[in-house]
Amino acid sequence: MNQVRIGIIGAGRISHVMSTAHAQVPESKLHGVFDVVRASAEKLASKFNIPNVYDSYQDMLASDEIDAVLVCTPTFLHEQIVIDAANAGKHVFCQKPMALTLEQCERMNAAALENNIILQVGFMIRYTPPFVEVKERLDAGEIGDIIAIRSAVFGWEPSAEWFYDPDQGGGILIDTIIHTFDLYRWYAGEVTSIYADGGAYVFEGARKFGTADNIMCALKFENGAMGSIYGSWSSGYGDKTLEIYGTKGSFFIDLMEAQGGRAFIKKDREAEAPNPAEGWNNLGVLWKFGYQQEARQFTYSVLGKVPPQATGTDAVAAQRLALLADESIRTSKVVHI
Ligand SMILES: NC(=O)c1ccc[n+]([C@@H]2O[C@H](COP(=O)([O-])OP(=O)(O)OC[C@H]3O[C@@H](n4cnc5c(N)ncnc54)[C@H](O)[C@@H]3O)[C@@H](O)[C@H]2O)c1
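In UniProt numbering, the protein residues as written are 1 to 337.
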């Protein structure tokens with residue numbers, strides 16, 4: 001196989017971003033699409049020249065012409081589709097969050113492992129340049145051991161009410177801060193305790209479902225490092241910052257569009273020259289590089305050219321953190337893992 005024929009399940013907002021990304025990977029061929037709303041599938045098909053619009057995702061999974069699927073449906077529908085796809089022997093890219101409960105995620109991961117297929121989950125920040133560079137430089141030991149890691153993650157008002165619903169989208173921790181939990185595990189390893197607070201500060205949807213639209217979270221890692229996250233759905237400009245302080249230096253990524261957008265890395269208290277990310281904002285950098293590299297990673301891992309990343313096993317671990325943070329908010333207690 002030198003090209004991966006892709007089927008897309010769910011033709012809403014993120015499927016357009018994913019299709020744009022895959023269209024830039026020569027080894028990836030968008031070959032089919034299914035959405036319960038046929039007009040949405042047809043719109044995607046016509047925009048990206050996708051030759052087949054299926055009547056059901058089961059029809060797509062039964063086709064020999066599909067090697068892998070991108071699962072882009074609302075979160076509460078991921079589990080069954082991913083398990084069916086794995087059982088049909090298709091490789092799977094599942095949008096984050098993997099699902100809603102830990103048990104669902106574990107069943108999905110088990111199906112992937114049993115069927116020996118690639119299961120990649122949509123943690124595109126792992127492929128976005130300043131974050132990749134930080135990972136490489138951390139692993140090279142440039143700032144020594146991590147002492148503290150903190151970030152601010154600004155989302156925007158969810159596009160549909162299901163995002164707030166614990167039974168459909170999971171709320172801000174599971175839907176959005178899951179990216180940061182994955183990133184922190186990638187950088188700093190496993191977490192041993194977590195405390196979170198938050199509430200419905202702004203949006204009626206969050207109030208209605210008793211979930212949060214703003215959260216603050218404190219974590220402790222197995223290696224002794226400390227972490228914190230401020231996450232907001234109401235800041236409205238989709239940017240983020242990340243700071244990592246180590247025994248020999250620090251990294252600071254600043255993707256604050258509202259402030260002009262800059263990313264720089266400093267070490268031993270001396271600011272180095274700005275890296276090529278200067279001037280990028282978070283959305284710019286994600287759209288130009290993050291999703292595309294994510295699509296390339298998925299395609300190449302299906303082709304056996306690179307080891308899998310952001311796997312089902314990683315996503316189960318990130319999900320556990322999001323759920324424990326949620327539990328901490330509900331119980332006002334530190335949760336020890
Ligand atoms: N990684 C990211 O940056 C990112 C960004 C946005 C959303 N997401 C995730 O992607 C997923 C989809 O989010 P979205 O914003 O695109 O939602 P959306 O509501 O815009 O799109 C969902 C689509 O799925 C379709 N659908 C519903 N039920 C279906 C079914 N049974 N079978 C097939 N199609 C069905 C809907 O008709 C709709 O077109 C969610 O899990 C969300 O958390 C990830």
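Ideal Cβ positions, reconstructed from N, Cα and C, are used throughout, including at glycine. Keep in mind it's a predicted model, so treat the numbers as computed, not measured.
Closer than 8 angstroms: residue i CB and nearest ligand 1 heavy atom
| i | result |
| --- | --- |
| TYR57 | yes |
| SER15 | yes |
| ASP35 | yes |
| residue 338 | Here the chain has residues from 1 to 337 only, and residue 338 is not among them. |
| SER228 | no |
| ALA295 | no |
| MET124 | yes |
| PHE251 | no |
| GLN95 | yes |
| HIS78 | yes |
Under the three-state DSSP convention, the category residue i falls into
| i | result |
| --- | --- |
| GLY224 | coil |
| ASP64 | coil |
| ASN214 | strand |
| ILE9 | strand |
| ALA140 | coil |
| ASP2 | Per the sequence shown, residue 2 should be read as Asn rather than Asp. It is coil, neither helix nor strand. |
| SER250 | strand |
| TYR237 | coil |
| THR192 | strand |
| GLY231 | strand |
Distance between residue j and residue i (C-alpha atoms, nearest Å)
| i | j | result |
| --- | --- | --- |
| VAL316 | LYS96 | 11 angstroms |
| PRO276 | GLY290 | Note that PRO276 scores 47 on pLDDT, short of 50, meaning its location in the model is unreliable; the coordinates nonetheless yield the value given after this. Rounded to whole angstroms, PRO276 to GLY290 spans 15 angstroms at the Cα level. |
| HIS179 | ILE125 | 7 angstroms |
| GLN24 | GLY12 | 19 angstroms |
| HIS31 | ALA21 | 14 angstroms |
| ILE146 | LYS47 | 45 angstroms |
| GLN319 | MET98 | 8 angstroms |
| VAL222 | SER63 | Note on residue identity: the sequence assigns Glu, not Val, to residue 222. For GLU222 and SER63, the distance between alpha carbons rounds to 45 angstroms. |
| ALA45 | SER328 | 43 angstroms |
| GLN309 | ILE9 | 21 angstroms |
| MET216 | HIS336 | 17 angstroms |
| MET18 | GLN292 | 8 angstroms |
| PHE154 | TYR230 | 8 angstroms |
| PRO51 | ARG150 | 45 angstroms |
Nearest-angstrom beta carbon gap, residue j and residue i [assumed within contact, 8 angstroms]
| i | j | result |
| --- | --- | --- |
| ALA212 | ALA200 | 6 angstroms |
| GLY169 | THR247 | 39 angstroms between Cβ atoms; not a contact. |
| LEU100 | PHE123 | Not quite, the Cβ-Cβ distance comes to about 17 angstroms (not below 8 angstroms), so this is no contact. |
Residues sharing a beta bridge with residue i, DSSP
| i | result |
| --- | --- |
| ASN282 | Paired residues: none, contrary to the question. |
| HIS91 | ALA68 |
| residue 338 | No information on residue 338 is available, as it lies outside the stretch 1 to 337 that the chain covers here. |
| ALA148 | MET226, TYR245 |
| PHE34 | ILE9 |
| VAL335 | ILE194 |
| LEU121 | Looking at the sequence itself, residue 121 is Val, so the reference to Leu does not match. Beta-bridge pairing links VAL121 to CYS94. |
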